[in-house]
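S.K.: Protein chains in written order, with the working numbering: chain A, 319 to 723; chain B, 319 to 723; chain C, 319 to 723; chain D, 319 to 723.
C-beta: ideal position from N, C-alpha, C; glycine also.
Source: prediction; values computed, not measured.
Quick one: the structure is below, and I'll ask about it shortly.
4 protein chains.
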Amino acid sequence: MTETDADDLAERVREGKLRLYELEDHADAETAAAARRRLLAEETGADLDAVGDYAFDADDAESNVENMVGAAQVPMGVVGPLPVDGSAAEGEHYLPLATTEGALLASVNRGASAIRTAGGATAEVLKSGMTRAPVFKVDDVREAGEVSSWARGNVDRLAEAAEATTSHGELQDVTPYVVGDSVFLRFAYDTKDAMGMNMATIATEAACEVVEAETPADLVALSGNLCNDKKPAAINAIEGRGRTVAADVLIPHEQVEAGLDTTTEAIVEANTRKNLIGSAKAGALGFNAHAANVVAATFLATGQDAAQVVEGANAMTTVDEREEGLYASVTLPSLEVGTVGGGTSLPTQSEGLEILGYGGGGDPPGSNADALAEVIAAGALAGELSLLAALSSRHLSSAHADLGR
Amino acid sequence: MTETDADDLAERVREGKLRLYELEDHADAETAAAARRRLLAEETGADLDAVGDYAFDADDAESNVENMVGAAQVPMGVVGPLPVDGSAAEGEHYLPLATTEGALLASVNRGASAIRTAGGATAEVLKSGMTRAPVFKVDDVREAGEVSSWARGNVDRLAEAAEATTSHGELQDVTPYVVGDSVFLRFAYDTKDAMGMNMATIATEAACEVVEAETPADLVALSGNLCNDKKPAAINAIEGRGRTVAADVLIPHEQVEAGLDTTTEAIVEANTRKNLIGSAKAGALGFNAHAANVVAATFLATGQDAAQVVEGANAMTTVDEREEGLYASVTLPSLEVGTVGGGTSLPTQSEGLEILGYGGGGDPPGSNADALAEVIAAGALAGELSLLAALSSRHLSSAHADLGR
Amino acid sequence: MTETDADDLAERVREGKLRLYELEDHADAETAAAARRRLLAEETGADLDAVGDYAFDADDAESNVENMVGAAQVPMGVVGPLPVDGSAAEGEHYLPLATTEGALLASVNRGASAIRTAGGATAEVLKSGMTRAPVFKVDDVREAGEVSSWARGNVDRLAEAAEATTSHGELQDVTPYVVGDSVFLRFAYDTKDAMGMNMATIATEAACEVVEAETPADLVALSGNLCNDKKPAAINAIEGRGRTVAADVLIPHEQVEAGLDTTTEAIVEANTRKNLIGSAKAGALGFNAHAANVVAATFLATGQDAAQVVEGANAMTTVDEREEGLYASVTLPSLEVGTVGGGTSLPTQSEGLEILGYGGGGDPPGSNADALAEVIAAGALAGELSLLAALSSRHLSSAHADLGR
Amino acid sequence: MTETDADDLAERVREGKLRLYELEDHADAETAAAARRRLLAEETGADLDAVGDYAFDADDAESNVENMVGAAQVPMGVVGPLPVDGSAAEGEHYLPLATTEGALLASVNRGASAIRTAGGATAEVLKSGMTRAPVFKVDDVREAGEVSSWARGNVDRLAEAAEATTSHGELQDVTPYVVGDSVFLRFAYDTKDAMGMNMATIATEAACEVVEAETPADLVALSGNLCNDKKPAAINAIEGRGRTVAADVLIPHEQVEAGLDTTTEAIVEANTRKNLIGSAKAGALGFNAHAANVVAATFLATGQDAAQVVEGANAMTTVDEREEGLYASVTLPSLEVGTVGGGTSLPTQSEGLEILGYGGGGDPPGSNADALAEVIAAGALAGELSLLAALSSRHLSSAHADLGR
C-alpha cells in the first residue's frame, strides 16, 4: 500500500472526481480500502485502525465484497474433539466456532464431551439439492396448468440448458407450483462441494429461456421465493434446501447424570414442553433450543453465507427415553454449506475448514460439503444437549452471569 | 505472548495434565490461544497463521468466546451515504457491511443511491421489547387458568423481582399462554441500548422464583420457546421482539427508471408475485427479497449476535404505485440490536458502530439502539429496492456472474 | 304453501319477469323455495324431494339463507354421558354430533367412556374475545407510528363509538399492527353468549369512523385479515379468537389398558411422533389428531358457523405419563361459538343445544357460550384419546373398514 | 317405526340391560333413533321433534353415523347460474349452498352474476392425490436414511400391496421425510371420484406391512400428521391434498363498476392489503377473504366431510389490474371432494350433487370429482369477488345489518 496513493485517491473523492466505489479502478485493493478508511475517518470521526488491520490480501477479497474498508474480526474458538460417524464425515473433529456470544463455546463443548463419552454421534446427509424457483406469468389457470405439465414433461430439455452453464452442477428435478396466473418452477441441483446458489441461479436463467421460448409463460423474476433463500419458509423445512442432515446420539442414563448434571427424564420434559409444545404454540418453523447458534458460529468460522443461518435455524430436536439411555437427535432440513467458493477461500475461513479437514473439493465431489454438514449437525446436537441440560437444571441464567455479558 | 509459555501449555495438554478449556487458568489469553493453535496444527495439520493474526487483545474477548484460537476475519465495506429521517437516527449514514457474498454491497449501494436521490428514507421504531418466556408445569387446565390470572394481576410484583437484578431493564408486561398443563409467561423488557437477552434472562429467573413461591406452578425451563430466540416463529413476526422497525421511501417514477433501470410497474409486479404470492405459497414468515443479507452484514459489522439474523429475516417488503412515484417499505418486526454489551465493544465492531455514530449508550438511553435499528431498516430497504429492480430487469444472474462467484 | 303460487312464481321467472332471488318479495318463503325447486328440477333434472322435506318454517330461516330451496339433512347422533367440570359447564352431558363420517361417533363415544370412568374431564375457558381488524392506509411509516400510538391511547373513545352500536358487546382492547403504510387495528370484544362476529363488525365500523375523523388514516377494508376469520392463521393460534378453551383428564394406567386397549406409553409415543413431531414437520398450526371432526360435528348440531371449523382446528393435544396415570389435554385457542344468534335458533340446532342444556342466553351472560365451548373441548379430548388409542394399537384402518365406508 | 318397540328399547336402557350404542342390534335404525330421542328427552328435557323429523331412511345412514337420534337440518339455497369452463366441468351451474350465515348466498350470487356477465370462469384441476403418511420408528438417523432410500426404490412393491386392497385407488408416489428417529412416508393415491381418505388409509396399512417386513422400521401410527388431514398445515398448502384446483375470470373494468359497485383499483388495493399483506402479518396459511364459507356451504350441500373445510381454507386469492380488466383468481391447493362414498349418497346431499349434475362416478372415473372441485373453486371465486367488492366500497357491515343477524 502506498500512503501517497491513498491520500491522493481520497482527495479525488473529496473533489468529486471519483466515487467511493470506483477506487479499485484506480489503485490496488489495499490502497482503495485505505483511502476509504481515511475518508470515513474524516466524515464520521471513526478511527478505523482495527478494521484496517486485517490478515488477508485485499485483492483476494474482491470477489467477496465491494467498497471494502477492511474486516470485521469475530473471535474464534474450538470445541471438541467431537467424534462423528457420518456418511462422509468420519472420526474425531475439532469444531471451529466464531462468535461474540459468551458461554456458547463452553456450552457446546460440554455437549461435545457428553457425546464423546457416549461413543460419538451418528450423522447422515438425507437429501441434497440447491434450489432456485423463478416465477412466470401466464394468461389464466388453464395456461398455468399447461406450463406446469410442459415443465414436468421436459426436465431433460431444461437440464440440457441449465447444465450448459456449469461444469459441476446437475439438475435433479423441476417442480411446478401454481397460484392463479403465477407459475413457479422450483429447480433443484446437485452442486457438489459448492453451496451452489449462484450456480443454481445462472443455470436456472438459462433454463428460463427455454421455458419462455417453448411456452407462453413470461418470466417475472428469476427468484420467486419458492426457492426459498434467506427467509424462514415451510417449504425449506419440509422439502429441504442445500443439505438435509441429521445427527444423533444415545447416552447411557448414568452418563446423563454424571456428564450433564441432569436426568434423562428432565431432558425429555424440557424438550417436550419447550422445543415441541412451546415452539408449536409460537407458530415456529424451528423446533429446537438454539441450533442457530452453532450454525452461525460454524458458518462464520468456515466461510459460509451468514444470512443463510436463517434456513439453518429450521431445525428439529427430538429426545426419547430409551431403555439403554437418552436418545437425542437434531435434524436440519435446509443447511446450505460449501467447501469451495463463496467465503471459503479467505484465509481465516480456509483455515477454519482445515481444522475440520474438509477444505476444498472432496473426493468424490460433494463429500467434503456433506462431511461439513454432518459435523455441523453433530455440533448443533452438542449445543442442544447442553442447553437442554442447563435448562432442566435451571443453569441457563447463572451460566450467562458467570461467563457472558 | 511468550513463545515458551505457549509451548509449555501445549505440552501439558499433550501430557493430559490440562484440558483445552483450562488454559486461561494458567496463562494469559494470548498465550492460551497460541497454545491451542499449536495443538490444532499438530492434530489436524491446519496452519492457523491467519486465524492467529487478529487485531484485538485476546483478554478483551474473554467475555465473548471460550477456547479461543484467534479470529475469523470477514471483509467489511461501506455503502452510502444513506440519508435516514428516523425517530432516533438522523442525517446521512455510511453503513458498514461485513460479508463474503460478492455483489451484495454493490447492490445495496445502488439502492442507497436511489434512496438518496429521492431525498432519503423515513424510519421509525414502532415497538420495542426484549422477551423471555419460561414454561411452567401445573396440575391441570384449571390451575393453568389460575396461574395465568395470577400473572396478569401481579405484574407489579414480578417487575419488582425482575428489576432488582438490573440497573437498566424495565419490565413492560407479562403475557400468559396456556397449552394443557404447560403455562408460558412471556416477559417483555425495555433494555435500553442493550440487545438485552441476557438481562431479560436473569431478570426473568428472579421473577420465576416469585411465580413458584406464590402459585402452584413449577418451572420446567427458563426459556419455553415463546420468547422466541433464534428460531423462525410467527410470534416474533406478529408481536415483535427487540425492535419492531420500519423504513420507507417515495421515489419519483422517472428516478425509478433513471436510477434503478426499471419501472415502478415492473417493481410492483415483481414484489407482488415474488415477495407476497411466492412467499405465501412457500409458507413463509418472511415476505422479502433478501433482507437477511443486510441484517447479517450489519450485524457482523457492528457486533450483534449473528444467530439473531434468524429473527431479522421476518421482514415484509411492500411497494405501491402512487401517483407521485414508487412507494417502498420494509418492516422488520423482530430486529434485535444493541450498541452496548455483547460483541459491540470488540475493536472492529466498535469501529463499525463508530462509522454510524451510534456506539455506546445513547442519550436518552435506548436512542442509540433505536437509531441503529432504523439505519439497518433503511439499509434493508436499499437492498430490497436494488434486488427487486435487478430481478424486474432480469439482472440478478448477470450481476452475480460479473461480481461474485 | 300454495301449489298454484309456486307454479306461478316459477312461470314468472321463466318469462324473465322475476329473478331467482326476488321470489320472497312476491310470496312467502315456503312458496318461494318450492318455486325454486321446480325451476331447478326443470333446468337440471334434479329431483329435490328430500331437500324440500325440511322440518322448519322457511320464514324462520330468512335471516340464515337467501335463495332457499330447502335443507341439507346431516345425520345426528349423541355420545356420552360426558362428565365435565368446567368454569361454566357442570355435570354430565350428552354431546350431539352431526356428521356423515362413519365411525366418528363410535370413536368419540369410546373416548367419552374412558373419561367417564376416570371421573370426568376438567375444562376451562382461558380467554374470550371476538376480534375484527380493519386495515387502514397511511402516508408513511412515521404516520403509521402516530396512528398506532393514537389508537393505543384512545381505546376509551373507540369503545364509546363501538359500544353505541350494540346492547351486549363490550370493547376489550385495540391492538395496532403495522406493515409499511398499512395499519391494522385488532379490536377485541366480549360478545357474551353470541359468537359475535357480526356484532364486532358493526361496532368496529363505527369505531373506524372515529379513527378516520381523528387521524390521517384511510380505511381500506373493514376486515384486514388480522382478525382472522375462517383462514388458518398463527395469530389465532397464538392470541386466540372467540373462546380459548382447554379440557383435560387424568386416566389411571390400568384404565388406559382396560378401556382404551393400549398403554400410556404407547399413547405418549403416538402423540409425540404424530401430533407433535409430525405436525411440526408438516408446518402445521394444529397439533392434534382430529379435533376438527368433533368441532365440525358439534358445530353442525348446535347451529354454529361451519366455516369456523377452520379456526377450531388450531388445537393442540398433549399427553404426559404421570405416576398416577395418563394425563391428556386438548387446548383450542380459537373456538368461536355462541348460544344465541346465527343458526342457533333453527329448530334442529336449537334442540341440539337443548340436549346440552345451554340454549339461549346464559346467566350470567356469556356463561352458556362458555359452557358450550367447554363441552366441545371435552368432546374433542374424547376424540383425541380414542384415535390415539386406536392408532397406537393399529386399529384405525380396521375401525373404518368395519364401521365406515 | 313401531312406537312400542322404541318405548321398550328405552326401558331396557333405563334398566341397564342395554347401552345406548347397542340399540341397532335389537331394533331397526328408526326405532333405535326414536328410543334415543325418548331417553334424551327424559334426561335432558330436550324436545327433539325437529331432530326426529328427518327426510331419509335411518337405515341408509348407518354407515354415516352411530348412536343416531335424527338429523341436523341446514338451510340450503342456490346461486347462479355460474358458467364454468373447466377441465371437467362445463357450462352453467346452479351451486347449492347449505349454511346458517345470512347474507352469504346473496354475496356469492352477486359474484356469480359478475362472473356470468364477464363470460364465465375458467377452472382447472392442477394436481390430484389423496395422501396418508404413517410414522415409523427406527434406531438412528443412519437407519432413517436407509429406510427412506428403500422406500424411494420400492414404490412398485408398495403399490402392489396397497392396490391389492382397492378396486379403484392407484398409488402415485411415496415421499419419505425424516426427523431424527422418526420416518414418515407420505403415500399419495389417485382415488378417482371418491374423496378417498379411507381408501388411502386401508391401502397404506397394507403397504406398511411390507415396510415393516422389509426394513427395520416399526410402525408407530398409521397417520403421522404429514398427511395432513383436518389440521391447518403448510404441507397441504404447498404440495396439495385431494384436488389442487384454481378458477379465474377477467372482468372488464366497466363491469367491475357496474356490477360490483367498485373499481378495479379499489379491489386490487383491498386484496393486496387484506388478503396478501394482512394474511402475511397474521402468519396465515390461507390468503383469501372467505373461501371457507363457500367450501363449507358446498360441502354441506353435497355430502363432503365438513371437517375438511380446514384444508379447503388454505386458499389464495389474487387479483391483477390488466389492461382489459380485473383479473381475479382463487387457488385451492387442498380441496378434498368426492362424488361417491361418504355422505354423498344421503338423499339431500345426493340431490345437491344432482343440482350440479355431478352425482356418482364420472366418465372417465375421477371426472365428476374434478368437476365438483372446479365448480367449488368458481363459487369461491364468486365469493371472493363479492366480498372484496363489498369491503372496497365499505359495504360489509351494512350488508350484514340488512340481511343477517
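#1: Could you give the DSSP three-state label for Ala-324/D: helix, strand or coil?
#2: With H, G and I counted as helix, E and B as strand and the rest as coil, what does DSSP make of Gly-395/B?
#3: Excluding the five sequence neighbours on either side, which residues of its own chain have a C-beta within less than 6 Å of the C-beta of Ala-462/A, listed in chain order?
#4: Is Ser-710/D helix, strand or coil when you go by DSSP?
#5: Below 7 Å between beta carbons: does that hold for Asn-382/B and Pro-393/A?
#6: Within a Cβ cutoff of 6 Å, which residues of the same chain sit near Pro-651/D, ignoring the five residues on either side of it in sequence?
#7: Specify whether the stretch 661-677 of chain B and the stretch 523-535 of chain C touch according to this definition: at least 3 beta carbon pairs, one from each stretch, less than 8 Å apart.
#8: Report yes if the CB atom of Val-396/C is closer than 7 Å to the CB atom of Ala-351/C, and no otherwise.
#9: Determine, using beta-carbon pairs with one atom in the stretch 524-543 of chain B and one in the stretch 446-460 of chain B, whether at least three such pairs fall under 8 Å.
#10: For Ala-584/D and Ser-710/D, I'd like the C-alpha separation in whole angstroms.
#11: So if I threshold CB-CB distances at 7 Å, which residues from the stretch 680-712 of chain C count as touching chain B?
#12: Can you name the start and end residues of the beta strand (DSSP E) that Gln-446/D belongs to?
#13: Show which residues of chain C have a CB atom less than 9 Å away from the CB atom of Ile-595/A.
#14: Would you identify the three-state DSSP class for Lys-455/B, choosing helix, strand or coil?
#15: What are the boundary residues of the beta strand (DSSP E) that Ile-569/A is part of?
#16: If you follow the alpha helix (DSSP H) that Pro-665/D is in, where does it begin and where does it stop?
#17: The alpha helix (DSSP H) spanning Thr-519/C covers which residue range?
#18: On the DSSP bridge assignment, give the partners of Pro-494/A in chain order.
#19: Taking a contact to mean a Cβ-Cβ separation below 7 Å, would you say Ala-432/B touches Gly-577/B in this structure?
#20: Report the neighbours of Ile-585/B on chain D: residues whose CB is nearer than 9 Å to its CB, in chain order.
#21: Compute the Euclidean distance between the alpha carbons of Leu-705/C and Ala-539/D, then round it to the nearest angstrom.
#22: Got a sec: which bits of the stretch 550-576 of chain B sit with their beta carbon under 8 Å from any beta carbon on chain D, in order along the chain?
#23: Closer than 7 Å, Cβ to Cβ, to anything on chain D: give me those residues from the stretch 389-411 of chain B, in chain order.
#24: Can a CB atom of chain D be found closer than 7 Å to the CB of Ser-541/A?
#25: Is the stretch 417-433 of chain D close to the stretch 618-628 of chain C, with three or more CB pairs under 8 Å?
#26: Pair every Cβ in the stretch 600-611 of chain C with every Cβ in the stretch 545-554 of chain D, then say whether three or more of these pairs are closer than 8 Å.
#27: So which residues on chain D does Asp-499/A lean against when the C-beta distance must stay under 8 Å?
#28: According to DSSP, is Ser-405/D helix, strand or coil?
#29: Whole angstroms is fine: what's the gap from Arg-475/C's alpha carbon to Asp-511/C's?
#30: List, from N- to C-terminal side, the beta strand (DSSP E) runs of 3 residues or more that fit wholly inside the stretch 461-485 of chain B.
#31: Kindly give me the distance between the Cβ atoms of Lys-548/A and Ser-541/B, rounded to whole angstroms, as I take these residues to be in contact under 8 Å.
#32: Return the CA-CA distance between Asp-491/D and Ala-708/C, expressed in angstroms with no decimal places.
#33: For the beta strand (DSSP E) containing Gly-539/C, name the first residue and the last one.
#34: Report yes or no: is there a C-beta of chain B within less than 7 Å of the C-beta of Thr-493/C?
#35: Any beta carbon from chain C within less than 7 Å of Asp-377/D's own beta carbon?
#36: Can you tell me which of Ile-673/D, Ala-345/D, Val-613/D puts its alpha carbon nearest to the alpha carbon of Asp-323/D?
M.R.: Once the coordinates are examined:
#1: The sequence position of residue 324/D within the fourth sequence is 6, counting from 1. DSSP, reduced to helix, strand and coil, places Ala-324/D within a helical segment of the structure shown.
#2: Position 77 of the second sequence, counted from the first residue, corresponds to residue 395/B. Strand, per DSSP.
#3: Taking the first residue of the first sequence as position 1, residue 462/A is located at position 144. Excluding sequence positions up to five before and after Ala-462/A, its CB lies within less than 6 Å of the CB of Val-456, Val-496, Val-501, all in the same chain and listed in chain order.
#4: Within the fourth sequence, the letter at position 392 stands for residue 710/D. Judged by DSSP in its simplified three-state form, Ser-710/D adopts helix.
#5: Stepping through the second sequence from its first residue, residue 382/B is reached at position 64. Stepping through the first sequence from its first residue, residue 393/A is reached at position 75. In this structure, Asn-382/B lies near Pro-393/A, with their beta-carbon atoms less than 7 Å apart.
#6: The sequence position of residue 651/D within the fourth sequence is 333, counting from 1. Apart from sequence neighbours up to five positions away, the residues of its chain that approach Pro-651/D with a beta-carbon distance below 6 Å are Ala-555, Gly-558, Thr-562, Asn-632, ordered along the chain.
#7: Too few Cβ pairs lie closer than 8 Å, so no.
#8: In the third sequence, residue 396/C corresponds to position 78, counting from 1. In the third sequence, residue 351/C corresponds to position 33, counting from 1. Result no, Cβ atoms of Val-396/C and Ala-351/C do not sit closer than 7 Å.
#9: Between the stretch 524-543 of chain B and the stretch 446-460 of chain B, the count of C-beta pairs closer than 8 Å reaches three or more; the two stretches touch.
#10: Numbered from 1 along the fourth sequence, position 266 holds the residue referred to as residue 584/D. Numbered from 1 along the fourth sequence, position 392 holds the residue referred to as residue 710/D. Taking the straight line joining both Cα atoms gives about 6 Å.
#11: Those residues of the stretch 680-712 of chain C that come within reach of chain B (Cβ to Cβ, closer than 7 Å) do not exist; the list is empty.
#12: By 1-based counting over the fourth sequence, the position of residue 446/D is 128. For the record, residue 446/D in the displayed sequence is Ser; it is not Gln. Following the DSSP letters along the chain, one finds Ser-446/D inside the beta strand (DSSP E) bounded by residues 439-450.
#13: Within the first sequence, numbered from 1, the residue matching residue 595/A stands at position 277. Near Ile-595/A (Cβ distances below 9 Å), the residues of chain C are Leu-594, Phe-605, Met-634, Thr-636.
#14: For the purposes of this step, residue 455/B is taken as residue 137 along the second sequence, with counting starting at 1. Correct three-state label for Lys-455/B: strand.
#15: In the first sequence, counting from the first residue as 1, residue 569/A sits at position 251. From DSSP, the beta strand (DSSP E) with Ile-569/A extends over 560-569.
#16: One-based indexing of the fourth sequence puts residue 665/D at position 347. Bounds of the alpha helix (DSSP H) holding Pro-665/D are 665-674.
#17: Mapped onto the third sequence, residue 519/C falls at position 201. Where Thr-519/C is concerned, the enclosing alpha helix (DSSP H) stretches over 515-532.
#18: Numbered from its first residue, the first sequence carries residue 494/A at position 176. The beta-bridge partner set that DSSP reports for Pro-494/A consists of Leu-503/A.
#19: Taking the first residue of the second sequence as 1, we reach residue 432/B at position 114. Taking the first residue of the second sequence as 1, we reach residue 577/B at position 259. In this structure, Gly-577/B lies closer than 7 Å to Ala-432/B by Cβ.
#20: For the purposes of this step, residue 585/B is identified with residue 267 of the second sequence, where counting begins at 1. Those within 9 Å of Ile-585/B in chain D number zero; the least Cβ separation is about 14 Å.
#21: By 1-based counting over the third sequence, the position of residue 705/C is 387. By 1-based counting over the fourth sequence, the position of residue 539/D is 221. Between Leu-705/C and Ala-539/D, the C-alpha separation is close to 10 Å.
#22: So the list reads Ala-552, Ala-555, Ile-556, given in the order they occur along the chain.
#23: Of all residues in the stretch 389-411 of chain B, none has a Cβ within less than 7 Å of some Cβ in chain D.
#24: Numbered from its first residue, the first sequence carries residue 541/A at position 223. So no, Ser-541/A is outside the interface.
#25: Touching, per the Cβ criterion.
#26: Yes, since at least three Cβ pairs between the stretch 600-611 of chain C and the stretch 545-554 of chain D fall closer than 8 Å, the two stretches touch.
#27: For the purposes of this step, residue 499/A is taken as the residue at position 181 of the first sequence. Chain-order list of chain D residues neighbouring Asp-499/A: Asp-566, Thr-636, Asp-638, Tyr-645, Ser-647, by C-beta distance under 8 Å.
#28: Position 87 of the fourth sequence, counting from 1, holds the residue named residue 405/D. Ser-405/D sits in coil when the DSSP states are folded into three classes, being neither helix nor strand.
#29: Taking the first residue of the third sequence as 1, we reach residue 475/C at position 157. Taking the first residue of the third sequence as 1, we reach residue 511/C at position 193. If I take the Cα positions, the gap works out to 25 Å.
#30: As far as the stretch 461-485 of chain B is concerned, it has no whole beta strand (DSSP E) run of at least 3 residues.
#31: Start at 1 with the first residue of the first sequence, and residue 548/A comes out as number 230. Start at 1 with the first residue of the second sequence, and residue 541/B comes out as number 223. About 25 Å; that fails the 8 Å criterion.
#32: Position 173 of the fourth sequence, counting from 1, holds the residue named residue 491/D. Position 390 of the third sequence, counting from 1, holds the residue named residue 708/C. Distance between Asp-491/D and Ala-708/C, taken at the CA atoms: about 26 Å.
#33: Your numbering for residue 539/C matches position 221 in the third sequence. Residue 539/C is actually Ala in this sequence, not Gly. Ala-539/C -> beta strand (DSSP E) spans 536-539.
#34: Counted from its first residue, the third sequence places residue 493/C at position 175. Not one chain B Cβ lies under 7 Å of Thr-493/C.
#35: Locating residue 377/D in the fourth sequence gives position 59, where the first residue counts as 1. So, not an interface residue.
#36: By 1-based counting over the fourth sequence, the position of residue 323/D is 5. Of the candidates Ile-673/D, Ala-345/D, Val-613/D, the one whose C-alpha sits nearest the C-alpha of Asp-323/D is Ala-345/D.
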